[in-house]
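Chemist:
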């Protein structure tokens, strides 16, 4: 498949603390970093359960990090991926507003209070990373206004 001039690839760097998006602009001959809705090039890898955005979705990114109610946020989820509960750093746990618990098979999952449902909810760390990746892709679509076809290329550190 030949890539047409109005097509391009985006690259998403899913970071533990911050994530970013870039694409190569053929016409300008350079890489361009995409900014989020707040004009930031680095997007916090945070998910907030405390309230929903205008569209009724969970708040993700810099807006989640700026949340006043930080008891309902999840971050550093990449530190938990692929680990057993007993392998998660206890020093990190002391700073997290969520709990890391163990499944029957020993794998770690995240439990966080959700004020929307007024109950504790369970999340796989990969699920949180998926939410962040989806948010990053949505930022790219909004920023680029869908005027070009995006070819997806995922890069995970």
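Residue numbers (the numbering used here): 105 to 261. Don't be surprised by glycine CBs; every beta carbon is placed ideally from N, CA and C.
1. What's the C-alpha gap between residue 185 and residue 248?
2. By a C-beta neighbour count over all protein chains shown, 10 Å radius and 16 as the cutoff for buried, is residue 124 buried or exposed?
3. Alpha carbons only, please: which of 204, 235, 233 is nearest the one belonging to residue 224?
4. Roughly how many whole angstroms lie between the Cα atoms of residue 175 and residue 182?
5. Does DSSP put residue 234 in a helix, a strand or coil?
6. From the DSSP output, read off the bridge partner residues of residue 188.
7. Going by DSSP, what residue range makes up the beta strand (DSSP E) through residue 179?
Modeler: A quick look at the data gives this:
1. To locate residue 185, count along the chain shown from 1; it is residue 81. To locate residue 248, count along the chain shown from 1; it is residue 144. Taking the straight line from one Cα to the other gives about 31 Å.
2. Translated into positions along the chain shown, residue 124 becomes position 20. Buried is the call here.
3. Position 120 of the chain shown, counted from the first residue, corresponds to residue 224. Closest option to residue 224, Cα to Cα, is 204.
4. Sequence index remark: in the chain shown, residue 175 carries index 71 (1-based). Sequence index remark: in the chain shown, residue 182 carries index 78 (1-based). Going from the Cα of residue 175 to the Cα of residue 182 covers about 19 Å.
5. Within the chain shown, the letter at position 130 stands for residue 234. Three-state DSSP puts residue 234 in a helix.
6. Here the question's residue 188 lines up with position 84 in the chain shown. Answer is 211, bridged to residue 188.
7. As a working note, residue 179 is residue 75 in the chain shown. First-last of the beta strand (DSSP E) with residue 179: 177-179.
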